[in-house]
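Since the structure comes first, as structure tokens, the remarks are kept for the end.
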Amino acid sequence: MKSGLITAGNALLARLSTTLQNHPKRVSAAVAALLLTAGGGAFAVASLGPDPSDLPVRTLTQQVASLADDTPLVELTELQNFSLYRSDLTRSSDSAQALLQRLGIADPQASDYLRSDAQARENLLGRAGRLVSAETTNDHQLTRLTARWAPDDDSDTFQRLVVERQGKGFVTRLETGKLVSNSRLAGGVIQSSLFAATDAASIPDSVASQLAEVFNGKIDFRRALRKNDRFTMVYETLEADGEPLRSGRLLSAEFHNNGSVHQAMWFQAPGAAKGAYYALDGASLERSYLSAPLAFSRVSSGFAMRFHPVHKTWRAHNGTDFAAPTGTKVRTVADGVVEFAGVQNGYGNVIFVKHPDNNVTVYAHLSRIDVRKGASVAQGTTIGAVGSTGWATGPHLHFEVRVNGQAQDPLTVIGQAQTAQPISAAVRKSFDRQAAQMRLALDSAQQTLASAE
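1 is the number of the first residue of the sequence shown in full-length UniProt numbering; add one for each residue after it.
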């Protein structure tokens, strides 16, 4: 019995050896298929055949059609008809030639047209920050050039300038489109300052400013930030033809500061004239005064005795100076009525605003005035721009707060400002639904931030 099994086994091995020698590739394929279907773990396939270099080599020759024949394999003209696309932002120094060259366009006719066309000169050349896209032929001749921009920060529309080739020349048209709102998640980690972190995360300055303003009553951004503090946010983007044109409102945010967690959400009740920021539990984050009359600023001179830079004498400084470039927007820090708007002694161009608590705020050395006496202004309204008029040695905003006619430290008065009432019971259900959605969005942003580290 044993000898019979040995004989049969030897016969099977002999047949397998013969098959392996005659059909090495088929055996290898069969083993690979077996391994691939036998389980879900890792696998490896080893060739069971002889070394390929030992196999016989056979040369096959087959005639093919020449590419130089009258009937090419591919119609070459189809490869020549394609378009190139490129986008960029305009610069204040752009000439027609410089703009087209940056867009990869080599078209003297298009350059001449942009220089001669009144609408192109007015809305495109020398206008910084406008989104421009170009379509060209494969030999870099302009087919269509489109520029998009928003007329101002409060507008819900955008302008679209189109320069298009027609026949042997070009035509221009100016159109108005509707901005489409979308939302974006973002976050960052503090290493040195808030604005350094938002810059590193490519968060727009206007959104970073809103973040600082919302949490100003909870976090001292000058002294209380700690390394590795973190924040996440959801903010609005306004798009033109699918392209982000500018940022909008901060919709929600979460800030982890020195072991404490602060949350905020923008909420506008159905039918309400305006909205406000609240914590996700419904507590109001709105204060009767904004933290500063400028969105981006640094204090260059506080409320104290100082050596006056013009008069060269020591005297009391009755306000706070904020250093900023000429033209920076100045906003009123609270609701009120304009008491005075004009030129006054050392203040230069100055605005006085009286508020419901009878306090008066003063905005001096302005380069321009955007309001008139008697006008009602809401908190955050742009009323002018930073300048150096009056007794000023450089561009800055002189800001005062007068309580009962007496100048007081603006930072102290603003720091003691009252907060608004919490969310009302009438809109609580609507608020809670939105708060739940914002919690999910902030959690998603936090997970994205954590995975990126």
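Each residue gets a CB set at the ideal place from its N, CA and C atoms; glycine is no exception. No experiment lies behind these values; they were computed from the predicted model shown.
- Could you say if the segment 383 to 390 and the segment 338 to 358 meet the contact criterion of at least three C-beta pairs nearer than 8 Å? yes
- Task: Use the C-beta contact count for SER155: other C-beta atoms within 10 angstroms, 16 or more gives buried, fewer gives exposed.
- Result: Here residue 155 refers to the residue found at position 155 of the sequence shown. SER155 should be labelled exposed.
- Message: Closer than 8 Å is the cut-off here; do at least three beta carbon pairs connect the segment 285 to 296 with the segment 247 to 259?
- Response: Flag = no, the segment 285 to 296 and the segment 247 to 259 do not touch.
- If you drop the 5 nearest sequence neighbours on each side, which residues of the same chain put their C-beta closer than 7 Å to that of VAL310? Along the sequence shown, one-based indexing puts residue 310 at 310. With a pLDDT of 47 at VAL310, under the threshold of 50, the predicted position of this residue should be treated as unreliable, and no value is reported.
- Query: Whole-angstrom Cβ separation of ASP153 and ILE190, contact assumed at under 8 Å?
  - Reply: As a working mapping, residue 153 is identified with position 153 in the sequence shown. As a working mapping, residue 190 is identified with position 190 in the sequence shown. Wrong, their Cβ atoms sit about 27 Å apart, outside the cutoff.
- Message: Spatial neighbours of SER206 within its chain, please: C-beta separation below 6 Å, excluding the five flanking residues on both sides.
- Response: As a first step, residue 206 must be located in the sequence shown, where it is residue number 206. If we look at SER206 and ignore the five residues flanking it on each side, its Cβ neighbours are SER247.
- Query: Which value, in whole angstroms, describes the spacing of the CA atoms of ASP112 and SER95?
  - Reply: For this step, residue 112 is matched to residue 112 along the sequence shown. For this step, residue 95 is matched to residue 95 along the sequence shown. Near 11 Å, if we compare the C-alpha coordinates of SER95 and ASP112.
- Item | alpha helix (DSSP H) segment containing THR198, residue limits | As a first step, residue 198 is located in the sequence shown; it is residue number 198 there, counting from the start. First-last of the alpha helix (DSSP H) with THR198: 194 to 200.
- Among the residues of its own chain, which have a CB less than 6 Å from the CB of GLU175, if the five just before and after it don't count? Start at 1 with the first residue of the sequence shown, and residue 175 comes out as number 175. Around GLU175: ARG160.
- Query: Would LEU238 be called buried (16 or more neighbouring beta carbons within 10 Å of its own) or exposed?
  - Reply: In the sequence shown, the residue the question calls residue 238 occupies position 238. By the 10 Å Cβ count, LEU238 comes out buried.
- From ASP241 to SER181, what does the alpha carbon distance come to, in whole angstroms? The residue you call residue 241 lines up with position 241 of the sequence shown. The residue you call residue 181 lines up with position 181 of the sequence shown. Counting only the Cα atoms, SER181 lies some 11 Å from ASP241.
- Within the same chain, show all residues whose beta-carbon is closer than 6 Å to that of PRO403, passing over the 5 residues directly before and after it, in chain order. The residue labelled residue 403 in the question sits at position 403 within the sequence shown. The amino acid at residue 403 is misidentified as Pro; the sequence shows Val. Around VAL403: ASN359.
- Message: Which complete alpha helix (DSSP H) runs does the segment 325 to 367 hold, if anything under 4 residues is left out?
- Response: Here no run is fully enclosed.
- Task: Return the bridge partner residues of SER83 from the DSSP annotation.
- Result: For the purposes of this step, residue 83 is taken as the residue at position 83 of the sequence shown. According to DSSP, SER83 bridges with THR137.
- Helix, strand or coil: how does DSSP classify SER93 here? Translated into the one-based positions of the sequence shown, residue 93 becomes position 93. Three-state DSSP puts SER93 in coil, outside helix and strand.
- Message: Is it buried or exposed, TYR85, if we count other Cβ atoms within 10 angstroms and call 16 or more buried?
- Response: Within the sequence shown, the letter at position 85 stands for residue 85. Exposed, by the Cβ-count rule.
- Enclosing alpha helix (DSSP H) for GLY415 [first to last residue]: For the purposes of this step, residue 415 is taken as the residue at position 415 of the sequence shown. Here the alpha helix (DSSP H) through GLY415 covers 410 to 415.
- Residue nearest to ALA120 in terms of C-alpha spacing, selected from GLN166, VAL362, GLN406, VAL171: In the sequence shown, the residue the question calls residue 120 occupies position 120. The shortest C-alpha separation from ALA120 is found at VAL171.
- Query: Are LEU442 and VAL234 close, meaning C-beta to C-beta below 9 Å?
  - Reply: On the sequence shown, residue 442 is found 442 positions in, with the first residue counted as 1. On the sequence shown, residue 234 is found 234 positions in, with the first residue counted as 1. Going by C-beta atoms, LEU442 is nearer than 9 Å to VAL234.
- Task: Tell whether a beta-carbon distance below 9 Å holds between LEU211 and ALA435.
- Result: Start at 1 with the first residue of the sequence shown, and residue 211 comes out as number 211. Start at 1 with the first residue of the sequence shown, and residue 435 comes out as number 435. Contact: no.
- Ordered along the chain, which non-local residues of its own chain (more than five positions away) have a Cβ less than 7 Å from that of PHE158? Here the question's residue 158 lines up with position 158 in the sequence shown. ARG148, TRP149, ALA150, GLY177, LEU179, ALA240, LEU245, listed in sequence order.
- Buried versus exposed, by CB contacts within 10 Å (16 or more), GLU453: Indexing the sequence shown from 1 puts residue 453 at position 453. By the neighbour-count rule (16 or more Cβ atoms within 10 Å), GLU453 is not buried but exposed.
- For LEU449, collect the residues of the same chain with a Cβ closer than 8 Å to its Cβ; drop the 5 residues on either side in sequence, then sort them by chain order. Taking the first residue of the sequence shown as position 1, residue 449 is located at position 449. Sequence-distant Cβ neighbours of LEU449 in its own chain, meaning closer than 8 Å and more than five residues away, are GLY187, GLY188, VAL189, ARG230, THR232.
- Go ahead and label THR146 buried or exposed: buried means 16 or more other beta carbons lie within 10 angstroms of its beta carbon, across all protein chains shown. On the sequence shown, position 146 is the one that residue 146 refers to. So THR146 counts as buried.
- Message: Do PRO422 and TYR278 count as a contact pair if the criterion is CB distance below 9 Å?
- Response: Position 278 of the sequence shown, counting from 1, holds the residue named residue 278. Position 422 of the sequence shown, counting from 1, holds the residue named residue 422. Result yes, Cβ atoms of TYR278 and PRO422 sit closer than 9 Å.
- Task: Report the three-state DSSP secondary structure of SER252 (helix, strand or coil).
- Result: Here residue 252 refers to the residue found at position 252 of the sequence shown. SER252: strand per DSSP, three-state reduction.
- Reduced DSSP category for SER451 - H, G, I as helix; E, B as strand; rest coil: Numbered from 1 along the sequence shown, position 451 holds the residue referred to as residue 451. In this structure, SER451 counts as helix in the three-state DSSP scheme.
- In terms of alpha-carbon separation, which member of THR328, ILE351, VAL333, THR332 lies closest to GLU339? Reading the sequence shown from its first residue, position 339 is the one you call residue 339. Here the closest residue by C-alpha is ILE351.
- Just how far apart, CA to CA, sit GLY327 and ASP335? Position 327 of the sequence shown, counted from the start, is the residue given in the question as residue 327. Position 335 of the sequence shown, counted from the start, is the residue given in the question as residue 335. Going from the Cα of GLY327 to the Cα of ASP335 covers about 23 Å.
- Give a yes or no on whether the C-beta atoms belonging to THR320 and ASP220 are separated by under 9 Å. On the sequence shown, residue 320 is found 320 positions in, with the first residue counted as 1. On the sequence shown, residue 220 is found 220 positions in, with the first residue counted as 1. No, they are not a contact pair.
- Sequence-distant residues of its chain with Cβ nearer than 7 Å to PHE431 (five each side left out): For the purposes of this step, residue 431 is taken as residue 431 along the sequence shown, with counting starting at 1. Excluding residues within five positions, the ones whose Cβ falls inside 7 Å are PHE267, GLY282, ILE423.
- Message: By DSSP's criteria, MET233 is part of a beta bridge. Which residues make up the other side?
- Response: As a first step, residue 233 must be located in the sequence shown, where it is residue number 233. The bridge partners DSSP lists for MET233 are ALA186, ALA253.
- Is it right to say ASP117 is buried, meaning 16 or more other beta carbons lie within 10 angstroms of its own, or is it exposed? Sequence index remark: in the sequence shown, residue 117 carries index 117 (1-based). Buried.
- Query: Using the C-alpha atoms, what's the distance from LEU397 back to ALA110?
  - Reply: Counting from 1 along the sequence shown, the entry for residue 110 is found at position 110. Counting from 1 along the sequence shown, the entry for residue 397 is found at position 397. So the two alpha carbons sit approximately 45 Å from each other.
- Message: If you follow the beta strand (DSSP E) that GLU164 is in, where does it begin and where does it stop?
- Response: To locate residue 164, count along the sequence shown from 1; it is residue 164. For GLU164, the enclosing beta strand (DSSP E) begins and ends at 157 to 166.
- Query: Shortest alpha-carbon distance to ALA201 belongs to which of PHE215, GLY129, LEU185, GLY169?
  - Reply: Numbered from its first residue, the sequence shown carries residue 201 at position 201. Of PHE215, GLY129, LEU185, GLY169, the residue nearest in Cα terms is LEU185.
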